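*Asks:* Just add 9 to wherever you are in the sequence shown, counting from 1, and you've got my numbering.
I have a structure I would like to understand better, so I am pasting it below and will then ask my questions one at a time.
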Amino acid sequence: MGLVFESEDIAYEEDIIRNPGLLRPWERYIDHKIKTKADPKQVRIIFERALKIFNRSYKLWYNYLKYRRRTIAHKSPTDIAYAHLSDAYERCLVFLNKMPRIWHDYCNLMVRRGLITDTRKVFDRSLRALPITQHMRIWPLYIEFVVKHNIPETAIRVFRRHLKVYPFAREDYIEYLKQIDKLDEAAQQIALLVNEDRPVSEKGKTGHQLWTELCDLISKNPNKVYSLQVEPIIRQGISRYTDQVGMLWLHLAEYYIRAYNFEKARDIFEEAISVVKTVRDFTQIFDAYSKFMERITSLKMKELEQCTSTLSAKIELELELLMTRFEHLMNRRPLLLNSVLLRQNPHNVHEWLNRVQIYEGDLESQISTFEEAVKVIDPKHQIGKLSQLWIFYAKLFEKYKKYDEARNIYEKAVKINFARVDELSQVWCDYVEFELLHRDYSAAVSILKRATSVPAKCGDYFDEKNNIQLRASRSLKLWSLYADIEESIGTLQSCAEIYDKMMELRIATPQIIINYAMFLEQNNYFEESFRAFEKGIGLFHWPLVFDIWNVYLTKFINRYGGKKLERARDLFEQCLEKCPPKYARDIYLLYAQYEEEHGLARRAMEIYNRATDSVDKDEKHLIFNVYIKKAMEFYGITKTRPIFESAIERLPENRSREMSLRYAQVERNLGEIDRARAIYAHCAEICDPRVHSDFWETWKEFEVKHGNEDTIREMLRMKRSVQATFNTSVNYMSAQMLASLGGKAEMAGELSAADSMAQLEARAAQIAQEEATISARKLAPSEDGRISFVRGEIKTNKEKTAENPEEIDIGDIEEEEDKMETETNGKDSVLLELLLTIARPSLTTDFIRPYRSETSRCEHGFESSEKAQDLARILMDNYSRSALPEPAPVNVHVEITIQDISDISAISGTFVIDFWISAIWQDIRLEFSHIDPCRRNLSLDHDMEPRLWSPNVCIVNSKKTKVHDSPKPNILLMDDLNLPDFKLTNITYGKTTEAALVELAIVAYNDKVVDQNQRRRKASAVGNLLARASITTAGLPDMKQRKSSRGDLFLDYNSKELLAVTTNNNTNKLNRHSLNPIQQEMKGNGSNQIQKSYSQQSIKKSSPSELGSAIDRFSSIAFPMVCF
10 MGLVFESEDI
20 AYEEDIIRNP
30 GLLRPWERYI
40 DHKIKTKADP
50 KQVRIIFERA
60 LKIFNRSYKL
70 WYNYLKYRRR
80 TIAHKSPTDI
90 AYAHLSDAYE
100 RCLVFLNKMP
110 RIWHDYCNLM
120 VRRGLITDTR
130 KVFDRSLRAL
140 PITQHMRIWP
150 LYIEFVVKHN
160 IPETAIRVFR
170 RHLKVYPFAR
180 EDYIEYLKQI
190 DKLDEAAQQI
200 ALLVNEDRPV
210 SEKGKTGHQL
220 WTELCDLISK
230 NPNKVYSLQV
240 EPIIRQGISR
250 YTDQVGMLWL
260 HLAEYYIRAY
270 NFEKARDIFE
280 EAISVVKTVR
290 DFTQIFDAYS
300 KFMERITSLK
310 MKELEQCTST
320 LSAKIELELE
330 LLMTRFEHLM
340 NRRPLLLNSV
350 LLRQNPHNVH
360 EWLNRVQIYE
370 GDLESQISTF
380 EEAVKVIDPK
390 HQIGKLSQLW
400 IFYAKLFEKY
410 KKYDEARNIY
420 EKAVKINFAR
430 VDELSQVWCD
440 YVEFELLHRD
450 YSAAVSILKR
460 ATSVPAKCGD
470 YFDEKNNIQL
480 RASRSLKLWS
490 LYADIEESIG
500 TLQSCAEIYD
510 KMMELRIATP
520 QIIINYAMFL
530 EQNNYFEESF
540 RAFEKGIGLF
550 HWPLVFDIWN
560 VYLTKFINRY
570 GGKKLERARD
580 LFEQCLEKCP
590 PKYARDIYLL
600 YAQYEEEHGL
610 ARRAMEIYNR
620 ATDSVDKDEK
630 HLIFNVYIKK
640 AMEFYGITKT
650 RPIFESAIER
660 LPENRSREMS
670 LRYAQVERNL
680 GEIDRARAIY
690 AHCAEICDPR
700 VHSDFWETWK
710 EFEVKHGNED
720 TIREMLRMKR
730 SVQATFNTSV
740 NYMSAQMLAS
750 LGGKAEMAGE
760 LSAADSMAQL
770 EARAAQIAQE
780 EATISARKLA
790 PSEDGRISFV
800 RGEIKTNKEK
810 TAENPEEIDI
820 GDIEEEEDKM
830 ETETNGKDSV
840 LLELLLTIAR
850 PSLTTDFIRP
860 YRSETSRCEH
870 GFESSEKAQD
880 LARILMDNYS
890 RSALPEPAPV
900 NVHVEITIQD
910 ISDISAISGT
920 FVIDFWISAI
930 WQDIRLEFSH
940 IDPCRRNLSL
950 DHDMEPRLWS
960 PNVCIVNSKK
970 TKVHDSPKPN
980 ILLMDDLNLP
990 DFKLTNITYG
1000 KTTEAALVEL
1010 AIVAYNDKVV
1020 DQNQRRRKAS
1030 AVGNLLARAS
1040 ITTAGLPDMK
1050 QRKSSRGDLF
1060 LDYNSKELLA
1070 VTTNNNTNKL
1080 NRHSLNPIQQ
1090 EMKGNGSNQI
1100 QKSYSQQSIK
1110 KSSPSELGSA
1120 IDRFSSIAFP
1130 MVCF
């Protein structure tokens, strides 16, 4: 079929004729034919025409071959088209034999055709034609080809050629060898990998893993791996990998077992269990050894069943030998395990003793074990006590009644240089007990004399550099045993000499002194006994001497009673002279009891009084209790008043509180009502109503029973006063509230301000609810028939006369206080309306009424729905410090209140001032009125400041600034809702216009309430003195009302100020009955000091631009070179 030209082809043919040397026209021609889906033969003809001209064009050949592959992709690999395509590749490679992509595609084509020999030849030709740097594009295909087909010899040769170029493919070669069961070659290749000694192989295997793989391969295939020496390889691994010793020994034994060399395998097992050093390796080897022996025995028994009679005798003999070996192995297990532990640490005394126990009944083995142990163990590295080994060694001979050998062992033992003196002392003591057991008392005493004989040069007992035998002569254990033996079989004189020698050597303990004195007392040597006590007192100091004094005084009193009164008093005084408070209680009580029984009651009272100052503070209340009881017993109840007063003054608060209640009860029992009331009043100063409610209930019950209306009012007033006193510290108050609520044991200093305020608000709500419940209960009809007060005009009849004619009901007073509080709140609301009207005359009642109604609603039972910590958490959920508050730009009001100018230096040009600095701005993201409408503001701790957006306010010419802390940083954050808006205009005094610093609060003045964020710091600044100025300042108090816990109404001066300056003299004036301004003075270093008080001020609304210019003018007057 020839080429058929169509009308569309003429233009391409003409282009080719015009440009015979260009490839691009041919490409466009071919693309046109392919896009128009022309007959493939015509496309091939055009390709062939082009290739005759451009026979070395890689692009043209590649596209041609690619096109032909695509056209025959649907055909079978045996089709003749594949052969024609192979011919095309051959023609291409005549010109482009250095192109790896052509060879790659050709190799893939041949692999698909399935002609193994032809394909191998193509791969070989490609490797010969291409440079070695391009071989890695061919080798993966070649390896995949030979592995896929069952041609092991060819594949091995290909792999070997590949490893010469790329040795990192050795692991793939090993895997292939294992697949075709060429294990000897695989073992050799693994050995080559192991010898490379690389940290990690190409496939991530460590040297240990490769070694394990090699051992596993050669041990399981002894008949297939014949070119390697197995035993040297595994033994080298045993010495190299000490943590896998057991596994490697098992591999070696398994190799001989699979090779049917059972005797060699048994020798390997025996060698292994005799050299391993860990219990884990021993357990692995012993279990495998026992299973091996059991299996061999079972096989021999089966062989015996199947053999003929002629061979049965020989097999029975072999079976008996195997069973004997197996039994012997199982019996040796404890001994073998003990040997492993001793190989781990040959200085372990306990394991040597266990080994002796294993040889129980075999005297020769036990003796040899002891001999070996005492030679091997080093006292400096021992575990346990070497003395126990010698003692058990001697007792072994004693058990078999070989007493002379036992004495020889003891004599050898006392010459050993033990690690500690106690061990040598223990050997001496056992030696003495051995002689006492066999009733040789003189030998025992002579041994003790030898042991306790003090050498001429006796060093310090605790000096480890000295010889142990020299130090043992001062061993308390030996001397105590010596004293006990002398008490039992010696004379009084010899025993006393021993005790005196102990005191002379200063090794006696308080118990030894007491024993010596008791021994003399038993022999009726009482004065000598007391002298022994006195010697012991001279040897020891407090607190060790306490037991000696205690026994001495008791024995002296029992002996003489009141006969030697002055001597006894001297002893007590001597004892109490240096007695620590911790041990003084028992001595004072014994002294006082002695005076009560044998002396004077007056002296006993003096001793009790002294004891209240001398005993430990935790035991003072016990002494006071005894003191009060004895005073009441000797002199009557009225004499206890000074003691009670002293106890209340000197005891800690918790004990003082208990003592005050007890004192008050005593006065009540005596009928001294006024004295009891004074005691309650004195104790009230340390009783927080929120924490110690029991005290106030007790006082309340007392006043109800014995007081009148005035006393009850005074009690309630004092209760409020004390509560206000305890409320001065937020952290302290938070801790008290947690204690009263039974909260967590969290320190007040660890609470944040939000948590503290939340606890206070929760407690305040609880108290209000409790008071409402109590009031309702008191207004209800009384069950006991007493007179009660109820609301309304209902009359009540008196059914029972009260015990006290002046007794009143507390509910009436509380009702009156609630009424006064309501009236005060009403006055506060009226005052707030007046202030709002003065500040902004343009404010309408629409702004006032919601505020009053909301306030009234919150004051009449509507509690806050959210706690302070919950509000803070909700507000900060989606809050971002990096985002600017809206609307932008943010108007920030910066205020400074100078409190003090502490230092001015004209020489250095510096001054030091203390001032308050405030920054006030609007942040609508902190609005919380929709969450808690009853809350007016939210006070936050300084810890919240880093989480809020805040402006950067700086003083340019300051040298150093420090925020005061007392103890926390003086930083106040206030999120405020309901403060009215104020703007300041001119302030005039006579004809003089001056700058003024006024303290005001800024909030939204439209109908929508906007949250305010306020930050205030108290700081000290040291700056350059650039100008001298004297400015008289006046402050207007903040119009925010607060009610204290006592019900007092006061104005809270928040740190909210604006700076302004006047520009004309005609201004409105504030009436004289307005709030009194607070005068503040800032003095500079100059002779002209101006001090003026402004009696008339005018406040009206001003625009923000006027406010900014006023601030700038004031700054230029007050601080010419200072900016904020």
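Glycine is no exception: its CB is placed at the ideal position from the N, C-alpha and C atoms.
Nothing here was measured: the structure is a model prediction, and the numbers come from that model.
Considering only their Cβ atoms, is the gap separating Val385 from Gln375 smaller than 8 Å?
*Replies:* What you label residue 375 is simply residue 366 of the sequence shown in a count that begins at 1. What you label residue 385 is simply residue 376 of the sequence shown in a count that begins at 1. Cβ distance not < 8 Å, so Gln375 and Val385 don't count as in contact.
*Asks:* Mind checking whether Ala196 and Leu226 have CB atoms under 8 Å apart?
*Replies:* For this step, residue 196 is matched to residue 187 along the sequence shown. For this step, residue 226 is matched to residue 217 along the sequence shown. Cβ distance < 8 Å, so Ala196 and Leu226 count as in contact.
*Asks:* Take the Cβ of Tyr644 as the centre, count every other Cβ of all protein chains shown within 10 Å, and call the residue buried at 16 or more, exposed below.
*Replies:* Counting from one through the sequence shown, the residue named residue 644 turns up at place 635. Exposed.
*Asks:* Looking only at DSSP bridge pairs, what is His902 linked to?
*Replies:* Within the sequence shown, the letter at position 893 stands for residue 902. Ile929.
*Asks:* Excluding the five sequence neighbours on either side, which residues of its own chain have a C-beta within less than 7 Å of the C-beta of Thr80, listed in chain order?
*Replies:* Taking the first residue of the sequence shown as position 1, residue 80 is located at position 71. Taken in chain order, the residues that qualify are Pro49.
*Asks:* In this structure, how does DSSP classify Asn567 when only helix, strand and coil are distinguished?
*Replies:* As a position in the sequence shown, residue 567 is number 558, starting the count at 1. The answer is helix: DSSP assigns Asn567 an H, G or I state.
*Asks:* Using DSSP's beta-bridge definition, name the partner residues of Ser914.
*Replies:* In the sequence shown, residue 914 corresponds to position 905, counting from 1. Thr919.
*Asks:* Suppose you measure from the CA of Val254 to the CA of Asp290; what does that come to, to the nearest Å?
*Replies:* Within the sequence shown, the letter at position 245 stands for residue 254. Within the sequence shown, the letter at position 281 stands for residue 290. Using only the alpha carbons, I get a separation of about 7 Å.
*Asks:* In whole angstroms, what separates the C-alpha of Tyr440 from that of Ala453?
*Replies:* As a first step, residue 440 is located in the sequence shown; it is residue number 431 there, counting from the start. As a first step, residue 453 is located in the sequence shown; it is residue number 444 there, counting from the start. Those two C-alpha atoms are separated by around 8 Å.
*Asks:* Taking the alpha-carbon positions, what's the Ala164 to Glu211 distance?
*Replies:* Locating residue 164 in the sequence shown gives position 155, where the first residue counts as 1. Locating residue 211 in the sequence shown gives position 202, where the first residue counts as 1. In a straight line, the C-alpha of Ala164 is about 21 Å away from that of Glu211.
*Asks:* Distance check for Arg671 and Asp683, CA to CA, integer angstroms please.
*Replies:* As a working note, residue 683 is residue 674 in the sequence shown. As a working note, residue 671 is residue 662 in the sequence shown. Their backbone Cα atoms lie some 15 Å apart in a straight line.
*Asks:* Along the alpha helix (DSSP H) that carries Ile688, what are the first and last residues, could you check?
*Replies:* As a working note, residue 688 is residue 679 in the sequence shown. Where Ile688 is concerned, the enclosing alpha helix (DSSP H) stretches over 682 to 692.
*Asks:* Since Val903 and Ala928 are thought to touch, with beta carbons under 8 Å apart, how far apart are those beta carbons, to the nearest angstrom?
*Replies:* Residue numbering aside, residue 903 sits at position 894 when the sequence shown is read from its first letter. Residue numbering aside, residue 928 sits at position 919 when the sequence shown is read from its first letter. Sure, about 6 Å apart at Cβ, within 8 Å.
*Asks:* Whole angstroms is fine: what's the gap from Arg659's alpha carbon to Thr461's?
*Replies:* What you label residue 659 is simply residue 650 of the sequence shown in a count that begins at 1. What you label residue 461 is simply residue 452 of the sequence shown in a count that begins at 1. Rounded to whole angstroms, Arg659 to Thr461 spans 55 Å at the Cα level.
*Asks:* Is Lys709 helix, strand or coil when you go by DSSP?
*Replies:* On the sequence shown, residue 709 is found 700 positions in, with the first residue counted as 1. Helix, per DSSP.
*Asks:* Quick one: what does DSSP say Arg671 is sitting in, helix, strand or coil?
*Replies:* Position 662 of the sequence shown, counting from 1, holds the residue named residue 671. Note: Arg671 maps to helix in three-state DSSP.
*Asks:* Which value, in whole angstroms, describes the spacing of the CA atoms of Gln391 and Trp399?
*Replies:* Counting from one through the sequence shown, the residue named residue 391 turns up at place 382. Counting from one through the sequence shown, the residue named residue 399 turns up at place 390. Rounded to whole angstroms, Gln391 to Trp399 spans 14 Å at the Cα level.
*Asks:* Report the option in Asp697, Pro698, Ile695, Gly716 whose CA atom is closest to the CA atom of Arg686.
*Replies:* Counted from its first residue, the sequence shown places residue 686 at position 677. Minimum Cα distance to Arg686 is reached at Gly716.
*Asks:* Out of curiosity, what's the CA-to-CA distance linking Leu725 and Glu681?
*Replies:* Stepping through the sequence shown from its first residue, residue 725 is reached at position 716. Stepping through the sequence shown from its first residue, residue 681 is reached at position 672. Rounded to the nearest angstrom, the two C-alpha atoms are 21 Å apart.
*Asks:* For Asp952, tell me which candidate among Arg944, Asn979, Ala492 has the shortest Cα-Cα distance.
*Replies:* Residue numbering aside, residue 952 sits at position 943 when the sequence shown is read from its first letter. Selected option, being the one with the closest Cα: Asn979.
*Asks:* Who are the near neighbours of Cys696 in its chain, counting only those whose CB is closer than 8 Å to its CB and skipping five residues on each side?
*Replies:* Here residue 696 refers to the residue found at position 687 of the sequence shown. Taken in chain order, the residues that qualify are Arg666, Phe704, Trp705, Val731.
*Asks:* So, using beta-carbon positions, are Arg956 and Met885 closer together than 8 Å?
*Replies:* Residue 956 sits at position 947 when you count from the first residue of the sequence shown. Residue 885 sits at position 876 when you count from the first residue of the sequence shown. Against a cut-off of 8 Å, the Cβ pair of Met885 and Arg956 comes out as a contact.
*Asks:* Starting from Asn64, follow its DSSP beta bridges and name the residues at the other end.
*Replies:* Translated into the one-based positions of the sequence shown, residue 64 becomes position 55. Answer is none; Asn64 lacks a bridge partner.
*Asks:* Can you tell me which of the three DSSP states Lys191 falls into?
*Replies:* If you number the sequence shown from 1, residue 191 lands on position 182. In the structure shown, Lys191 sits in coil (DSSP, three-state: anything other than H, G, I, E or B).
*Asks:* Put Asp909 into one of helix, strand or coil per three-state DSSP.
*Replies:* The count along the sequence shown starts at 1 and reaches residue 909 at position 900. Looking at Asp909 - three-state DSSP - the assignment turns out to be strand.
*Asks:* Express the C-alpha separation of Ser623 and Glu954 in angstroms, rounding to a whole number.
*Replies:* Taking the first residue of the sequence shown as position 1, residue 954 is located at position 945. Taking the first residue of the sequence shown as position 1, residue 623 is located at position 614. Rounded to the nearest angstrom, the two C-alpha atoms are 51 Å apart.
*Asks:* Identify the residues that DSSP records as bridge partners of Ser655: which are they?
*Replies:* For this step, residue 655 is matched to residue 646 along the sequence shown. Bridge partners of Ser655: none, in fact.
*Asks:* Which of the three DSSP states, helix, strand or coil, is assigned to Val423?
*Replies:* Counting from one through the sequence shown, the residue named residue 423 turns up at place 414. Val423 falls in the coil class under three-state DSSP.
*Asks:* Which of helix, strand or coil does DSSP assign to Val103?
*Replies:* Along the sequence shown, one-based indexing puts residue 103 at 94. The answer is helix: DSSP assigns Val103 an H, G or I state.
*Asks:* For Lys969, does the three-state DSSP call read helix, strand or coil?
*Replies:* As a first step, residue 969 is located in the sequence shown; it is residue number 960 there, counting from the start. Reduced to three states, the DSSP call for Lys969 is strand.
*Asks:* Report the residue from Asn532, Leu574, Asn533, Asp579 whose alpha carbon sits nearest the alpha carbon of Glu543.
*Replies:* Residue numbering aside, residue 543 sits at position 534 when the sequence shown is read from its first letter. For Glu543, the nearest C-alpha among the options comes from Asp579.
*Asks:* CA-CA distance, Phe278 and Glu240?
*Replies:* Reading the sequence shown from its first residue, position 269 is the one you call residue 278. Reading the sequence shown from its first residue, position 231 is the one you call residue 240. If you take the alpha carbons of Phe278 and Glu240, they lie about 14 Å apart.
*Asks:* Look at Ile199 and Leu219 and say whether their C-beta atoms are less than 8 Å apart.
*Replies:* On the sequence shown, position 190 is the one that residue 199 refers to. On the sequence shown, position 210 is the one that residue 219 refers to. The answer is yes: Cβ separation under 8 Å.
*Asks:* Name the one or two DSSP bridge partners that Asn357 has.
*Replies:* Residue numbering aside, residue 357 sits at position 348 when the sequence shown is read from its first letter. In the DSSP output, where bridge partners are listed per residue, Asn357 has Ile392.
*Asks:* Among Leu548, Tyr525, Ile367, Ile546, whose alpha-carbon lies nearest the alpha-carbon of Glu537?
*Replies:* In the sequence shown, the residue the question calls residue 537 occupies position 528. Of Leu548, Tyr525, Ile367, Ile546, the residue nearest in Cα terms is Tyr525.
*Asks:* Use the C-beta contact count for Gly1211: other C-beta atoms within 10 angstroms, 16 or more gives buried, fewer gives exposed.
*Replies:* Past the edges of the chain, shown from 10 to 1133, lies residue 1211, and the structure says nothing about it.
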